[in-house]
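2 protein chains.
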Amino acid sequence: MQGMLVIISGPSGSGKGTVVKRLDPSHGYALSVSVTTRAPRAGEREGVDYFFRTEDEFTRMRQHNELLEHAVYVGNYYGTPRQYVEEMIAKGKVVVLEIEVVGALQVKEKFPEAVLVFLMPPTISELARRLQCRNTEDRLTIEDRLRRAREEIALIPRYQYLVVNDEISEAVGRINAIVEAERLRPQRCADEIEFFSGN
Amino acid sequence: MQGMLVIISGPSGSGKGTVVKRLDPSHGYALSVSVTTRAPRAGEREGVDYFFRTEDEFTRMRQHNELLEHAVYVGNYYGTPRQYVEEMIAKGKVVVLEIEVVGALQVKEKFPEAVLVFLMPPTISELARRLQCRNTEDRLTIEDRLRRAREEIALIPRYQYLVVNDEISEAVGRINAIVEAERLRPQRCADEIEFFSGN
Chain H
0 MQGMLVIISG PSGSGKGTVV KRLDPSHGYA LSVSVTTRAP RAGEREGVDY
50 FFRTEDEFTR MRQHNELLEH AVYVGNYYGT PRQYVEEMIA KGKVVVLEIE
100 VVGALQVKEK FPEAVLVFLM PPTISELARR LQCRNTEDRL TIEDRLRRAR
150 EEIALIPRYQ YLVVNDEISE AVGRINAIVE AERLRPQRCA DEIEFFSGN
Chain E
0 MQGMLVIISG PSGSGKGTVV KRLDPSHGYA LSVSVTTRAP RAGEREGVDY
50 FFRTEDEFTR MRQHNELLEH AVYVGNYYGT PRQYVEEMIA KGKVVVLEIE
100 VVGALQVKEK FPEAVLVFLM PPTISELARR LQCRNTEDRL TIEDRLRRAR
150 EEIALIPRYQ YLVVNDEISE AVGRINAIVE AERLRPQRCA DEIEFFSGN
């Protein structure tokens, strides 16, 4: 069976990280591994947690179109390596990329066969509650994130699917259904069609 | 929740009828009801088994673009009424239309938001076996159907999904996943998006 790239995206506080952790690897899911220029922390393994690269190497990858998207965060570069994603897809894996909205749309442009899923909390009030519960952000940051969430919601029509994360196991179930359905796209079943035509 | 039209199509012998009968009505499925010019048989009810119409009424419906597709069979006309489909969708139903390949593509043209599912048996040999098992058709008819099946397989790229009917409960499960995923399309979630934006 052919693999695919599934992008789980949505506003900060929508629960992307929690949902992605709950996807069952026995369903063929594999997390995308990012490239970064930051130094490895204790216990972090090359090719598992990150691909660690120098700034020069990162720049070269970017120039050679080897990154599906990239961003700067606290002075370090992060990116999604095209080659890793393509290798995992060739092995039949469902590569899952958890990423914020702007990055997700960048990836879709470079990798049109990717499946874009917008994850959102049931209401803006619930989003505010979740951001407050994190307890790591001050009031101004929360208001800033809520404003950004409203802007991101305007981009939902550019996504293939919308999953409301009201209850986590239901959100995971919906993502499983999306993956099962997307595996049945004719363009992902070339082998089956050829086999059938030849019999 | 918004409904939709799901078209289950595929070669004669692919198992369309059996699969459609197994779709659980509690999932919101409703079978499409055809219009016909043939006389009702004993026990057949108007609006349940068929909408019974005269030839003049049928012609008028066709001229007024009230049919999503139509065909002649043994001297009688059959068609899919647009109004019934639209009313059921408005009620949130997943309207299921079981139809041969040419008719399915006709419907998709008139009703682009329909979801087209191509059902196929695991191999052409299996298809031949199924047609022989029916025991109602002579050798020439079977060969004719197999030739037609090969032509229809060439049309798979115009379908949204391909479901191999190797084991019936699995085929039904795949159709359920397709419906669950298609319900998460942003264009079918306008209410949720509006609700979210307003909160």
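Protein sequences appear in the order of chains H and E. Just so it is clear: in the first sequence, position 95 is 94 by numbering that gives the first Met the number 0, and no numbers are missing. Just so it is clear: in the second sequence, position 50 is 49 by numbering that gives the first Met the number 0, and no numbers are missing. Cβ atoms here follow ideal geometry from the backbone N, Cα and C, with glycine treated the same way.
Close beta carbons around residue i, own chain, < 8 Å, minus the five adjacent residues each side
| i | result |
| --- | --- |
| P120 of chain H | P10, G12, S13, G14, L126, R129, V163, N164, D165 |
| M3 of chain H | I88, V93, V94, E112, A113, V114, V178, E181, R182, R187 |
| A41 of chain H | none |
| S8 of chain E | K15, E97, I98, E99, V100, G102, A103, L115, V116, F117, L118, Y158 |
| R147 of chain H | P10, S11 |
| E54 of chain H | T36, Y76 |
| V84 of chain E | L4, S31, L67, V94, L96, F110 |
| Q62 of chain E | none |
Residue i to residue j span [Cα, whole Å]
| i | j | result |
| --- | --- | --- |
| R187 of chain E | E142 of chain H | 30 Å |
| H69 of chain E | V19 of chain E | 20 Å |
| E86 of chain H | A103 of chain H | 20 Å |
| M60 of chain E | Y72 of chain E | 18 Å |
| A170 of chain E | C132 of chain E | 20 Å |
| N198 of chain H | I192 of chain H | Because N198 of chain H sits at a pLDDT of 47, beneath the cut-off of 50, its placement in the model cannot be relied upon, and the following sentence gives the value as read from the coordinates. Cα to Cα, N198 of chain H sits roughly 10 Å from I192 of chain H. |
| V5 of chain H | I155 of chain H | 16 Å |
| K90 of chain H | Q1 of chain E | 37 Å |
| A176 of chain E | G74 of chain H | 43 Å |
| Y160 of chain E | R149 of chain E | 18 Å |
| D190 of chain H | L145 of chain E | 20 Å |
| P185 of chain H | A153 of chain E | 11 Å |
| E43 of chain E | S25 of chain H | 49 Å |
Residue burial classification, residue i (beta-carbon count within 10 angstroms, cutoff 16)
| i | result |
| --- | --- |
| V100 of chain H | buried |
| T36 of chain H | buried |
| K109 of chain E | exposed |
| A33 of chain E | One point to set straight first is that residue 33 of chain E is Ser, not Ala, in the sequence displayed. By the neighbour-count rule (16 or more Cβ atoms within 10 Å), S33 of chain E is buried. |
| G46 of chain E | exposed |
| R138 of chain E | exposed |
| S124 of chain E | exposed |
| S31 of chain E | buried |
Opposing strand residues paired with residue i [DSSP bridges]
| i | result |
| --- | --- |
| P80 of chain H | H:L66 |
| E86 of chain H | In the DSSP output, where bridge partners are listed per residue, E86 of chain H has none listed. |
| N175 of chain H | N175 of chain H pairs with nothing; no bridge assigned. |
| M214 of chain E | The structure shown does not extend to residue 214 of chain E, since chain E spans only 0 to 198, so no value can be given for it. |
| I6 of chain H | H:L96, H:L115 |
| S33 of chain E | E:Y49 |
| L126 of chain E | The partner list for L126 of chain E (beta bridge, DSSP) is empty, contrary to what the question assumes. |
| N75 of chain H | H:Y72 |
| Y28 of chain H | H:V93 |
| V162 of chain E | E:L118 |
Cβ-based neighbour list, residue i, same chain, cut-off 6 Å, excluding 5 preceding and 5 following
| i | result |
| --- | --- |
| F57 of chain H | T36, Y76 |
| E151 of chain E | P10, V100 |
| A29 of chain H | M87, K92, V94 |
| G27 of chain E | K92, V93 |
| L67 of chain H | T79, R81, V106, K109, F110 |
| Y49 of chain H | S33, T35 |
Same chain only: Cβ atoms within 7 Å of residue i, ignoring 5 sequence neighbours per side
| i | result |
| --- | --- |
| E65 of chain E | P80, R81, Q82 |
| L22 of chain H | Y28, V95, V171, I174 |
| T17 of chain E | I167 |
| F51 of chain E | T35, P39, E45 |
| T122 of chain H | none |
| T210 of chain E | Residue numbering for chain E in the displayed model covers 0 to 198; residue 210 of chain E lies beyond these limits and cannot be assessed. |
Cβ of residue i within 7 Å of any chain B Cβ
| i | result |
| --- | --- |
| R133 of chain E | This model lacks chain B altogether, as its protein chains are H and E. |
Cβ-heavy atom distance, residue i to the ligand COA, below 6 Å
| i | result |
| --- | --- |
| L22 of chain E | Annotation note on the ligand COA: not contained in the displayed structure, which lists no ligands. |
(message) What are the residues in the stretch 102 to 113 of chain E lying within 9 Å of chain H by C-beta distance?
(response) none
(message) Closer than 9 Å between beta carbons: that is the criterion. Which residues of the stretch 150 to 165 of chain E meet it against chain H?
(response) I152, A153, I155, P156, R157, Y158, Q159, Y160, L161, V162, V163
(message) To be precise: take each residue of the stretch 177 to 197 of chain E, compare its Cβ to all Cβ atoms of chain H, and keep it if any distance is under 8 Å. Which residues remain?
(response) I177, E179, A180, E181, L183, R184, P185, Q186, C188, E191, I192, F194, F195, S196
(message) For the stretch 125 to 141 of chain E, list every residue whose C-beta sits within 8 Å of some C-beta in chain H, in sequence order.
(response) none
(request) Could you list the residues in the stretch 15 to 47 of chain E with a C-beta less than 7 Å from some C-beta on chain H, going in chain order? (result) none
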